[in-house]
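**Student:** When we follow this note's numbering, the leftmost residue of the sequence shown carries the number 3, and every step to the right adds one.
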Amino acid sequence: MYGSEENMQRLNNVGPNPDFSTFSWAVSERKCSVRIPGHVHKAGRGYLEDRRPAADCDPYQSLCSSLFGPCAPHSSVPVLLTLQSLCSSLFGPFAPHSSVPVLLTLQSLCSSLFSPFAPHSSVPVLLTLLSLCSSLFRDPQVLDEMSLGPQTLCLQRIAMRPYLALPPSHCQVTYIWINSSGTEPMSKTRIMQNEPESLEEVPVWRGVHKRELSLVPVAIFRDPFIRGPHKMVLCDARNRDGTPATGSRREECLRVMEAVKDQKPWFGFEQEFVLKTLEGLPFGWSSATAPPAGASAQVGLERVFGRDISLSHYNACVYAGIKMAGAAGEAMPAQWEFQVGPSEGIALGDHAWMARYILLRVWLSLGQRGGHMNFSTESMREEGGLRCIHEAIERLSQRHTQHMALYGGPENQQRLNTIGINSDFNTFSWATANRKSSVRVPGHVSQRGQGYLEDRRPAADCDPYLVCKALVQTCCSPGART
Numbered sequence: 003m004y005g006s007e008e009n010m011q012r013l014n015n016v017g018p019n020p021d022f023s024t025f026s027w028a029v030s031e032r033k034c035s036v037r038i039p040g041h042v043h044k045a046g047r048g049y050l051e052d053r054r055p056a057a058d059c060d061p062y063q064s065l066c067s068s069l070f071g072p073c074a075p076h077s078s079v080p081v082l083l084t085l086q087s088l089c090s091s092l093f094g095p096f097a098p099h100s101s102v103p104v105l106l107t108l109q110s111l112c113s114s115l116f117s118p119f120a121p122h123s124s125v126p127v128l129l130t131l132l133s134l135c136s137s138l139f140r141d142p143q144v145l146d147e148m149s150l151g152p153q154t155l156c157l158q159r160i161a162m163r164p165y166l167a168l169p170p171s172h173c174q175v176t177y178i179w180i181n182s183s184g185t186e187p188m189s190k191t192r193i194m195q196n197e198p199e200s201l202e203e204v205p206v207w208r209g210v211h212k213r214e215l216s217l218v219p220v221a222i223f224r225d226p227f228i229r230g231p232h233k234m235v236l237c238d239a240r241n242r243d244g245t246p247a248t249g250s251r252r253e254e255c256l257r258v259m260e261a262v263k264d265q266k267p268w269f270g271f272e273q274e275f276v277l278k279t280l281e282g283l284p285f286g287w288s289s290a291t292a293p294p295a296g297a298s299a300q301v302g303l304e305r306v307f308g309r310d311i312s313l314s315h316y317n318a319c320v321y322a323g324i325k326m327a328g329a330a331g332e333a334m335p336a337q338w339e340f341q342v343g344p345s346e347g348i349a350l351g352d353h354a355w356m357a358r359y360i361l362l363r364v365w366l367s368l369g370q371r372g373g374h375m376n377f378s379t380e381s382m383r384e385e386g387g388l389r390c391i392h393e394a395i396e397r398l399s400q401r402h403t404q405h406m407a408l409y410g411g412p413e414n415q416q417r418l419n420t421i422g423i424n425s426d427f428n429t430f431s432w433a434t435a436n437r438k439s440s441v442r443v444p445g446h447v448s449q450r451g452q453g454y455l456e457d458r459r460p461a462a463d464c465d466p467y468l469v470c471k472a473l474v475q476t477c478c479s480p481g482a483r484t
């Protein structure tokens, strides 16, 4: 009842899969037939999880088997009829039984999207959609080794639009946390009957992922993808014993920020990124040979690739409530930058991570470049603050190696190669109005004698929490260590 013969191959005792032939159960452990979640065991009540059914199992038979055991029905015919009736009631005329309704549905979709320019037969509908794919992706060639080509992806996104616009009867809350490597956001969605009015109304989600994490909400945002009452919450991932999970750096950053909050540290983050196609080429490039590069902030379709994508990301972030400072095109075609801040203390890391999450939702494939962090304290921003900026730079020069270990992965060493406007990975340098340095004092800051410094060493995949923490520990607390 729990699936086809393929389920026997899946339950092979490899990874988190139990053994098909042997029953087992455990607390928290996912490599068993039946699991009792850790928080259920701790609370002494709750539910169990049967991990044996396959994805293609009949949920009615599985449910009957669990509830009634030997009394469960042995015929799949009534179940299939019930499922068919359920599909009919849920989808009505949209539950197709042949390819003809599928084409008609696509035609209806195309009509709603492109009317009055929509064609009136199914063949032009498909051609129109494929043509749209070509214009969006510039290269309509379907990948030989991948079933998910640019056209398929575009068709999928277009087909989802009417359903994402359905009026909500509940509130979807997407929980977002940082993975164990500390480099990428992860997410899961749960249903709440009422829209949360504040962060305190969003419950902790326990027993998440294979590590049995607890997701503790720390910041709440509007959902720009499905809008309405729906929310996104950034979470601090914690182990079962309450300690921060591997890759979760927010708590240690928060402790440092609380210790120096009287100095009012401000941060602004500039993250560069490269838009890539599914083939791995930068967006708009016809081959691995780069189009001619120009100055940053250019305009014109032949010089700038992906402006609408960058603006879509920016607008989505603003709608969500992220404190955005701006967006800009870089010198390389298909390379862009978004700017978050200025924000005080821990808020910069929260908003930077959420902006990254939205970027990955807007565009699936990205290349990394630099991530520049602007930093100041209240004394730097006051009259005569340039002296305090110089003192902070001197402290940074003494801890260059320690900072570089926190500022990104191996690719950062390749980026900081002294070519173009990149500094040297191994040698600290600073200058006024010179971007080819580790730390830059903007020209207008030097002229006014107050303001901020720009640390140009972090990579685009750095953890903003770690970078902010390191800057504060080095520049604000003489005896502290990163």
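Even glycine gets a Cβ: it sits at the ideal position worked out from N, Cα and C.
Mind checking which residues open and close the alpha helix (DSSP H) that includes L283?
**Tutor:** It is not in any alpha helix (DSSP H) - L283 carries neither H nor E in the DSSP assignment.
**Student:** So, G328 versus Q341, is the Cβ gap smaller than 8 Å?
**Tutor:** Against a cut-off of 8 Å, the Cβ pair of Q341 and G328 comes out as a contact.
**Student:** Could you tell me the alpha carbon to alpha carbon distance between N9 and A45, rounded to whole angstroms?
**Tutor:** N9 and A45: Cα-Cα distance of roughly 32 Å.
**Student:** Figure out for me which residue from F377, E202, E253 and H211 has the closest Cα to the Cα of T191.
**Tutor:** That would be H211, whose Cα lies nearest to the Cα of T191.
**Student:** Taking the straight line between their C-alpha atoms, what separation do you get for R459 and Q265?
**Tutor:** Cα to Cα, the separation comes out at about 24 Å.
**Student:** On the DSSP bridge assignment, give the partners of S378 in chain order.
**Tutor:** Bridge partners of S378: W268.
**Student:** Beta-carbon within less than 7 Å of Y4's beta-carbon, same chain only, minus the 5 sequence neighbours each way: which residues are those?
**Tutor:** Same-chain partners within the cutoff: R54, P55, A56, C59 and S64.
**Student:** Looking at C-beta atoms only, is the number of pairs between the segment 371 to 382 and the segment 450 to 457 that lie closer than 8 Å three or more?
**Tutor:** In short, these stretches touch, since the Cβ pair count reaches three.
**Student:** In terms of residue numbering, what span does the beta strand (DSSP E) encompassing T434 cover?
**Tutor:** Taken as a continuous stretch (DSSP letters only), the beta strand (DSSP E) holding T434 covers W432 to T434.
**Student:** Does the beta-carbon distance from C237 to L256 come in below 8 Å?
**Tutor:** The answer is no: Cβ separation not under 8 Å.
**Student:** What does the alpha-carbon distance come out to for the pair V16 and Y177?
**Tutor:** Whole-angstrom Cα-Cα distance: 29 Å.
**Student:** Work out the CA separation of E202 and R47 for me, nearest whole Å.
**Tutor:** If I take the Cα positions, the gap works out to 24 Å.
**Student:** On the three-state DSSP scale, how would you describe E51?
**Tutor:** In the structure shown, E51 sits in a strand (DSSP, three-state: E or B).
**Student:** Determine the contact status of G445 and A433, defining contact as a CB-CB distance below 8 Å.
**Tutor:** Not closer than 8 Å, so no.
**Student:** Can Q415 and F427 be called in contact, C-beta distance under 8 Å?
**Tutor:** Going by C-beta atoms, Q415 is nearer than 8 Å to F427.
**Student:** Counting pairs of beta carbons, one from the segment 342 to 357 and one from the segment 314 to 334, are three or more of them closer than 8 Å?
**Tutor:** Yes, they touch.
**Student:** Spatial neighbours of P198 within its chain, please: CB distance less than 8 Å, with the 5 preceding and 5 following residues excluded, ordered by chain position.
**Tutor:** Excluding residues within five positions, the ones whose Cβ falls inside 8 Å are C173, V175, V204, I222 and K233.
**Student:** Please state whether the Cβ-Cβ distance between A247 and R224 is less than 8 Å.
**Tutor:** Cβ atoms of A247 and R224: not closer than 8 Å.
**Student:** With DSSP as the reference, please indicate the residues paired to F340 in a beta bridge.
**Tutor:** Partner(s): Q273 and A329.
**Student:** In angstroms with no decimal places, state the Cα-to-Cα distance between M162 and W268.
**Tutor:** Each residue's alpha carbon lies about 40 Å from the other.
**Student:** Helix, strand or coil for L217 per DSSP?
**Tutor:** In this structure, L217 counts as strand in the three-state DSSP scheme.
**Student:** Would you check if the distance between the CB atom of G453 and the CB atom of M382 is smaller than 8 Å?
**Tutor:** Yes, the Cβ-Cβ distance between G453 and M382 is below 8 Å.
**Student:** Please state the DSSP three-state secondary structure of L16.
**Tutor:** In the sequence as presented, Leu is not what sits at residue 16; that position holds Val. Coil, per DSSP.
**Student:** According to DSSP, C237 sits in a beta bridge with which residue or residues?
**Tutor:** Partner(s): P219.
**Student:** When you compare each of S479, W365, P170 and S30 to P231 by their alpha carbons, which one comes out closest?
**Tutor:** P231 has its Cα closest to that of P170, out of S479, W365, P170 and S30.
**Student:** In this structure, does DSSP put E456 in helix, strand or coil?
**Tutor:** Of the three classes helix, strand and coil, the one that applies to E456 here is strand, per DSSP.
**Student:** Which residues in the same chain as G351 place their Cβ atom closer than 7 Å to its Cβ, once the five residues preceding and following it in sequence are excluded?
**Tutor:** Once the five neighbours on either side are set aside, the close Cβ partners of G351 are R252, C255, P466, Y467 and C470.
**Student:** Residues in the same chain with beta-carbon distance under 6 Å from C478, minus the five sequence neighbours each way, listed in chain order, please.
**Tutor:** Once the five neighbours on either side are set aside, the close Cβ partners of C478 are V262 and Q265.
**Student:** Between which two residues does the alpha helix (DSSP H) carrying V42 extend?
**Tutor:** First-last of the alpha helix (DSSP H) with V42: G40 to A45.
**Student:** For Y49, count neighbouring Cβ atoms within 10 angstroms of its own Cβ and tell me buried if that reaches 16, exposed if not.
**Tutor:** Exposed, by the Cβ-count rule.
**Student:** Grab me the residues of D141's own chain with a C-beta within less than 6 Å of its C-beta, minus the 5 sequence neighbours each way, in chain order.
**Tutor:** For D141, the predicted structure reports a pLDDT of 39, less than 50, and the residue's modelled location is therefore unreliable. A value from the coordinates is still provided. Within the same chain, D141 has no close Cβ partners at all.
**Student:** Can you grab the Cα-Cα spacing for the pair A394 / Y316, in whole Å?
**Tutor:** If you take the alpha carbons of A394 and Y316, they lie about 32 Å apart.
**Student:** With 16 other CB atoms within 10 Å as the buried threshold, where does S183 fall?
**Tutor:** By the 10 Å Cβ count, S183 comes out exposed.
**Student:** Kindly indicate the opening and closing residues of the alpha helix (DSSP H) around I311.
**Tutor:** Element bounds for I311: R309 to A322.
**Student:** Please classify D52: is it buried, with 16 or more other beta-carbons within 10 angstroms of its beta-carbon, or exposed?
**Tutor:** Label assigned to D52: exposed.
**Student:** When we look at the beta-carbon of L313 and count the other beta-carbons within 10 Å, is it buried (16 or more) or exposed?
**Tutor:** So L313 counts as exposed.
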